[in-house]
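Residue numbers (my numbering), protein chains in the order written: chain W, 1 to 364; chain A, 1001 to 1706.
Just so you know, even glycine gets a beta-carbon here, dropped at the ideal spot from N, CA and C.
Scroll down for the structure; my scribbles are underneath it.
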């Protein structure tokens, strides 16, 4: 076990994450735009941030190697937490994703993302010496899919994809041979083609709408993304000012506190402010990658890389949706979008990476 | 303790680099895209967001009212009550199924009051697309659901044009029924209806062809209406007013947040006082229709299907009454123009939508002899005292050119016994055809050179024939005054001597409107001064202040304005123009007086001896029995050579010495002028002077019973 050196605590990473979260709370306040029902639920976000910060510090203090030894248990816990919601879960907005803990509603799938980083990092670290053959690929896939299937059935396609991306990122880092990559690519294409008819109507619609925009459909399907673009564009260089964006405040922008909070931000803070926030997000990802590089062991590296991959993917997809270059998917913008579970998993993930940072290097 | 297992060399560096590159590429692309959307195209999107939040609300103005000369209202706006529901204000979600109890209760209580079912019809793309408030079979629930998806904060009409009592009941209940309201919509009403519809006209929706123009002027299609006929059409600009405008900020649900610009209040339309006297109009209409129906009953067939009667003030040009029969009921077009009624009017062979007084062209017949009469005296074709023999029948050579040997043709007077020796005033009084043939076309031995068509045309035009009068009504016809040039151009034929004979008595190619005929008499009555005929007495602002007072307008004075082209001895027009000598008009007036006053005058039996309140009203005039052979007559086989069907005309004025009113009466296929049109004119004169006596507060004089 390594000695904890608090000097190694990455204050930049911590600071950036907390700053983004606080900025997020501020942005959510603006995005409520007088909607009373939203205002009530949104007031919980600071509580989640406070609780999350405590959890993060605890996570940082715990030696991450414990998670390696608990991997099996964590894996089983992840699956059971997902199965529980089928029994006592709450269906919201058409899919069963929520678990009512009595105090707060939790989305287990958000927490499972972090758990799966722990489990997969353990698998790849332990199997680094073994040949990187098809069996290695297939085994890790089956392990991931054993969890993902339950999320997919909720149905929650976007979170499923996030976990599959974490799996793929670790596969890449750990050196998947290029020929397997090719095979994987082909299999993926076939699977997507086969799965397309199985998708829910709204999901198919979103994808088709993105690829073949229907010029007739000015209202309805394309409304949200169209309004998002108008919202972003009307921000201009310097923005309309906090709480002053007409698209946000007069509610032309829909789902503005979650999926489209980036657009809301772009309208009120303009190109300059939005770029600053975007760079801060890139900074957080970059710090995670640096910690991964300097980690004292492979397990630590993979934890940090896995988390960085998750953060990057979610950020990229969310902003892409807002800029209308990616089909609409319900992925939140890490730290900023409203959503307790999402904020919790992002913040706890930072704790996990800090734990790696604290125990890095051999220089005493 | 060192963990050797976790050494980094196991991770290939290039794989990390790929990830760095990927991250850099994605965010660089996003930065560029963000720059493109926010900075490069920022203005474009800003304009769209402005468009989202700004809403222009057009505030409807009020159309001016139309009154007669005494202030009797002829067209006004009345309130029509509509029941509205604002979906967002209802107690609950109106799209929920089943409906929330509170909403159900409102619908259930409202339904019997407005006679619209709580729920009816199926909502789907097709039916929703066809939905128009007020014209739908949907129940209340469906109408509200449609509105809720479109604009939940805007009220929708669920019932239209309900009676006032129901509207009161509902507005009282409005406190218990959140979301339900009463909207008051102005509707045009014509209290005098079909008595004045030919003059007033009616309103209709903004026509598609003129939509751009009206939208530019601030009108709203599907809401604002414009005049389609009568003065509603010609005075539209005066009456319409200007709509107001508010530019407001709205949220996504259409709720108004604030004014973005200072609101522009609507400017109400101006009110118009017409020259019409509704009482005289009623009397005129009754006289015309009564006479037509009397003769139709007498012959036990629909002999006359249309007619016109007009009364004007010759000194001011004011039109006191204008009746075109048949006409339409303009109140039936008040809310919207019902297709079945409009089509019925269009298909009616009697053309009720057509203003016969100004748009129908008929041969004027003998009333046109007034133009000939003035012409022959002024040109010196005959002297006033010169006698011309009327043997009842003459034979004249019909020639197409001076050297044409021609063919002999017989021309008869209406009285085949003839009138003996006839001089000017007696010729007018008797309407002696032979006299007018001879002076109009010439008759060797007696009148060596007649007036001729080209000179006749000059005098006819000076009396207002052959051109529009410019009255404020749409669709006025010009009539036709032929000349030799006209015939060559239009019929490729030379003017013949026979053409002149019949033109001299208002037959042949000559066509005129009834308004032109009454104006010709008005000019003579007013000693040659042509007053611009008008329907507008005053224009008032919405507070009743006169902004355009009545000022009679002189169109021309035939005794002072040189209007008559002088022709040289070869019949070629010269540059020179001349006037009509006042004595010529005096003599014509004398002739017209004899028509009534002389025992042998054509209208003596019908228009002499009008005594109102003990005062004798001397009338002067001219009868006309105009032969015609139009499509209708031909179809009926009435055009028998030598005995064509005839229209009845009478035109005249009174009092003879100081004219106040000129009247024309025309009955299509009425037969003889004096006996059919004459009594109509008499009733109009009587009504006018009786009304005058009443207005002057004269004591009624008991009529002597003979």
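Residue-level contact to chain A via CB, residue i, 8 Å cutoff
i, result
"residue 24 of chain W", "no"
"residue 312 of chain W", "yes"
"residue 152 of chain W", "no"
"residue 172 of chain W", "yes"
"residue 340 of chain W", "no"
"residue 27 of chain W", "no"
"residue 236 of chain W", "yes"
"residue 188 of chain W", "no"
"residue 137 of chain W", "no"
"residue 247 of chain W", "yes"
Beta carbon proximity, residue i to chain W, threshold 8 Å
i, result
"residue 1252 of chain A", "yes"
"residue 1258 of chain A", "no"
"residue 1150 of chain A", "no"
"residue 1011 of chain A", "yes"
"residue 1046 of chain A", "yes"
"residue 1342 of chain A", "no"
"residue 1200 of chain A", "no"
"residue 992 of chain A", "With chain A running from 1001 to 1706 in the structure shown, residue 992 of chain A is simply not present."
Cα-Cα separation between residue i and residue j, rounded to whole angstroms
i, j, result
"residue 1015 of chain A", "residue 299 of chain W", "17 Å"
"residue 21 of chain W", "residue 1213 of chain A", "56 Å"
"residue 1198 of chain A", "residue 1290 of chain A", "18 Å"
"residue 228 of chain W", "residue 324 of chain W", "8 Å"
"residue 273 of chain W", "residue 1034 of chain A", "11 Å"
"residue 88 of chain W", "residue 199 of chain W", "25 Å"
"residue 1025 of chain A", "residue 1019 of chain A", "10 Å"
"residue 1178 of chain A", "residue 1039 of chain A", "46 Å"
"residue 1037 of chain A", "residue 232 of chain W", "7 Å"
"residue 1243 of chain A", "residue 1108 of chain A", "38 Å"
"residue 114 of chain W", "residue 193 of chain W", "29 Å"
"residue 1049 of chain A", "residue 171 of chain W", "45 Å"
"residue 1584 of chain A", "residue 1349 of chain A", "43 Å"
"residue 1437 of chain A", "residue 1460 of chain A", "16 Å"
"residue 336 of chain W", "residue 343 of chain W", "8 Å"
Where residue i falls, given that 16 or more other Cβ within 10 Å makes a residue buried
i, result
"residue 1135 of chain A", "exposed"
"residue 269 of chain W", "buried"
"residue 271 of chain W", "buried"
"residue 39 of chain W", "exposed"
"residue 1622 of chain A", "buried"
"residue 1224 of chain A", "buried"
"residue 436 of chain W", "It is not possible to answer for residue 436 of chain W, since the shown part of chain W is limited to 1 through 364."
Simplified DSSP assignment, three categories, for residue i
i, result
"residue 1182 of chain A", "strand"
"residue 1168 of chain A", "helix"
"residue 10 of chain W", "coil"
"residue 1573 of chain A", "strand"
"residue 1205 of chain A", "strand"
"residue 1125 of chain A", "helix"
"residue 1458 of chain A", "helix"
"residue 1463 of chain A", "coil"
"residue 1296 of chain A", "helix"
"residue 1683 of chain A", "helix"
"residue 360 of chain W", "coil"
"residue 1649 of chain A", "strand"
Contact test: residue i Cβ vs the ligand SAH heavy atom, cutoff 7 Å
i, result
"residue 1026 of chain A", "By its list of ligands, the structure shown contains no ligand whatsoever, and the ligand SAH lies outside what it can speak to."
Q.
Counting beta carbon pairs with one atom in the stretch 152-160 of chain W and one in the stretch 318-334 of chain W, are three or more of them shorter than 8 Å?
A. The stretch 318-334 of chain W makes contact with the stretch 152-160 of chain W: 3 or more CB pairs, one atom from each, lie closer than 8 Å.
Q | contact_flag[the stretch 1493-1512 of chain A, the stretch 1536-1543 of chain A] where n(CB pairs < 8 Å) is 3 or more | A | no
Q. Are three or more beta carbon pairs between the stretch 1053-1063 of chain A and the stretch 1216-1231 of chain A nearer than 8 Å?
A. yes
Q | Three-pair Cβ contact test at 8 Å for the stretch 1583-1603 of chain A versus the stretch 1318-1331 of chain A | A | no
Q: Tell me, please, whether the stretch 296-311 of chain W touches the stretch 111-127 of chain W by the rule of three or more beta-carbon pairs shorter than 8 Å.
A: yes
Q) Would you call the stretch 1079-1094 of chain A and the stretch 1154-1169 of chain A in contact, with 3 or more CB pairs under 8 Å? A) At 8 Å Cβ cutoff, the stretches touch.
Q: Tell me, please, whether the stretch 1421-1441 of chain A touches the stretch 1513-1522 of chain A by the rule of three or more beta-carbon pairs shorter than 8 Å.
A: Flag = no, the stretch 1421-1441 of chain A and the stretch 1513-1522 of chain A do not touch.
Q: Examine the Cβ distances between the stretch 1649-1660 of chain A and the stretch 1617-1633 of chain A and report whether three or more of them are shorter than 8 Å.
A: yes
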